[in-house]
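What follows is a set of notes on a single structure, which appears directly below.
Numbering (the numbering used here), first residue to last: 359 to 744.
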């Protein structure tokens with residue numbers, strides 16, 4: 359299958375090139391892609407129906423997905439992911455809609471069901487009746503607590519609905535402890551849910567297990583020391599959750615081999631710029647000796663930070679070492695603080711692990727107080743490096 363231009367299709371369909379380009383921009387021509395300034399359309403594409411025609415509403419039924427029992431975080435990430443795929447997302451709570459399915463829409467493309475406990479017969483009945491709003495190309499995903507094996511009710515439902523309706527039920531088992539504090543990457547879990555719902559819907563009904571990249575906190579309020587991959591995933595996850603009310607305060611000790619163009623640092627830099635652009639209050643203090651100023655004038659990361667909405671500050675390492683060396687001990691290899699609640703700390707160079715995360719209130723407040731003290735010695739980094 360080849361691609362044709364909007365101009366070529368204007369001759370085939372008998373409408374103007376301008377009209378076709380407008381349809382492409384409105385996502386009404388399936389498979390159309392923009393290559394530079396030119397729209398390319400699959401050669402076997404059918405002409406979109408006129409919205410003014412009486413049959414349009416029957417051809418273009420909105421693609422809806424119902425999400426049941428979702429918390430706020432799941433809702434946000436799922437809505438974002440599914441809308442990118444062209445779906446309309448609706449929400450419901452099992453207890454509110456279990457006996458009133460006639461009050462929700464008539465047609466759906468899929469269902470995502472978060473089981474609040476091990477699935478029971480009432481939930482089985484609800485899902486079975488909801489399937490009457492689905493068709494053979496629809497799919498369901500049940501998100502459940504981790505069990506030794508798939509819940510028998512889910513397995514039975516998957517078999518019955520496969521035979522009677524033709525749709526599939528896939529299950530995502532969550533290996534997440536309820537009795538411990540931990541960081542969970544909901545975004546990663548949502549990616550798995552969407553994959554099961556849209557890309558793996560033609561299975562015979564499968565179950566996969568995820569721990570959501572969980573990182574547990576110990577009794578001291580700290581995680582264990584994290585290797586580089588886990589550390590950056592957790593750090594990036596924490597940053598993505600920030601909003602306009604958040605305050606990100608950071609101190610870095612500048613060494614010759616830091617702030618490089620390595621992929622992990624590039625991704626970290628990108629997320630810093632994204633959150634600052636969203637309106638998060640970000641302040642970064644860079645601590646290095648004055649005799650390094652000439653060297654760091656050429657540092658790409660610093661140049662980009664200074665052009666962003668990030669407030670960049672300079673503190674002279676030698677001045678602090680002379681006047682308040684205790685502050686350098688607290689900074690250590692550097693850290694990022696979120697409000698007065700979380701500290702994401704670097705470990706010294708040469709260690710196998712990259713860093714750790716702390717919710718220990720004493721440790722967080724010590725770092726926060728240190729940061730505010732360092733600010734009294736700070737200068738605008740732009741002025742120092744100009």
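Even glycine gets a Cβ: it sits at the ideal position worked out from N, Cα and C.
Going by the beta-carbon positions, is the gap between residue i and residue j smaller than 9 angstroms?
| i | j | result |
| --- | --- | --- |
| residue 541 | residue 596 | yes |
| residue 713 | residue 514 | no |
| residue 662 | residue 742 | no |
| residue 637 | residue 602 | yes |
| residue 690 | residue 556 | no |
| residue 526 | residue 578 | no |
| residue 716 | residue 591 | no |
| residue 450 | residue 493 | no |
| residue 472 | residue 511 | no |
| residue 477 | residue 528 | no |
| residue 531 | residue 488 | no |
| residue 625 | residue 594 | yes |
| residue 604 | residue 645 | no |
| residue 725 | residue 678 | no |
| residue 387 | residue 420 | no |
| residue 486 | residue 452 | no |
| residue 533 | residue 474 | no |
For residue i, count the other beta carbons within 10 Å of its own beta carbon; 16 or more makes it buried, fewer makes it exposed. Which is it?
| i | result |
| --- | --- |
| residue 497 | buried |
| residue 736 | buried |
| residue 444 | exposed |
| residue 465 | exposed |
| residue 502 | buried |
| residue 396 | exposed |
| residue 428 | buried |
| residue 393 | exposed |
| residue 719 | exposed |
| residue 401 | exposed |
| residue 439 | buried |
| residue 681 | exposed |
| residue 500 | buried |
| residue 566 | exposed |
| residue 389 | exposed |
| residue 423 | buried |
| residue 417 | For residue 417, the predicted structure reports a pLDDT of 49, less than 50, and the residue's modelled location is therefore unreliable. The matter cannot be settled from this model. |
| residue 676 | exposed |
Relative to the C-alpha of residue i, which residue among the options is closest?
| i | options | result |
| --- | --- | --- |
| residue 710 | 561, 492, 383 and 586 | 586 |
| residue 631 | 377, 670 and 404 | 670 |
| residue 491 | 480, 478, 519 and 510 | 519 |
| residue 403 | 552, 376, 453 and 360 | 360 |
| residue 391 | 362, 558, 574 and 405 | 362 |
| residue 538 | 554, 574 and 510 | 574 |
| residue 641 | 622, 482, 378 and 733 | 733 |
| residue 456 | 446, 479, 436 and 386 | 479 |
| residue 406 | 431, 610 and 379 | 379 |
| residue 600 | 521, 656, 432 and 629 | 629 |
| residue 606 | 654, 660, 707 and 702 | 702 |
| residue 693 | 705, 699 and 683 | 705 |
| residue 551 | 370, 521, 675 and 435 | 435 |
| residue 697 | 639, 372, 533 and 572 | 639 |
| residue 554 | 731, 622 and 470 | 470 |
| residue 658 | 620, 675, 685 and 643 | 620 |
For the beta strand (DSSP E) holding residue i, just list the boundary residues, first then last.
| i | result |
| --- | --- |
| residue 670 | 669–674 |
| residue 468 | 468–472 |
| residue 715 | 713–716 |
| residue 590 | Note, residue 590: premise wrong, no beta strand (DSSP E); alpha helix (DSSP H) at 586–598. |
| residue 532 | 526–532 |
| residue 436 | No beta strand (DSSP E) holds residue 436; the alpha helix (DSSP H) holding it covers 430–442. |
| residue 361 | 361–363 |
Run through the DSSP bridge pairs and tell me what residue i is partnered with.
| i | result |
| --- | --- |
| residue 746 | Residue 746 is absent from the model: the chain starts at 359 and stops at 744. |
| residue 644 | 610 and 672 |
| residue 701 | 695 and 716 |
| residue 503 | 532 |
| residue 448 | 424 |
| residue 574 | 540 |
| residue 498 | 469 and 527 |
| residue 580 | 716 |
| residue 737 | 672 |
| residue 605 | 639 |
From which residue to which residue does the alpha helix (DSSP H) around residue i run?
| i | result |
| --- | --- |
| residue 688 | 683–689 |
| residue 520 | 510–522 |
| residue 566 | Taken as a continuous stretch (DSSP letters only), residue 566 belongs to no alpha helix (DSSP H), being part of the beta strand (DSSP E) at 565–568. |
| residue 664 | 658–665 |
| residue 479 | 479–488 |
| residue 557 | Looking at the DSSP string, residue 557 is not in any alpha helix (DSSP H), and its letter there is neither H nor E. |
| residue 621 | 621–635 |
| residue 638 | Residue 638 -> no alpha helix (DSSP H), and no H or E assigned at all. |
| residue 462 | Run containing residue 462: none; DSSP gives neither H nor E here. |
| residue 378 | 375–383 |
| residue 653 | 651–654 |
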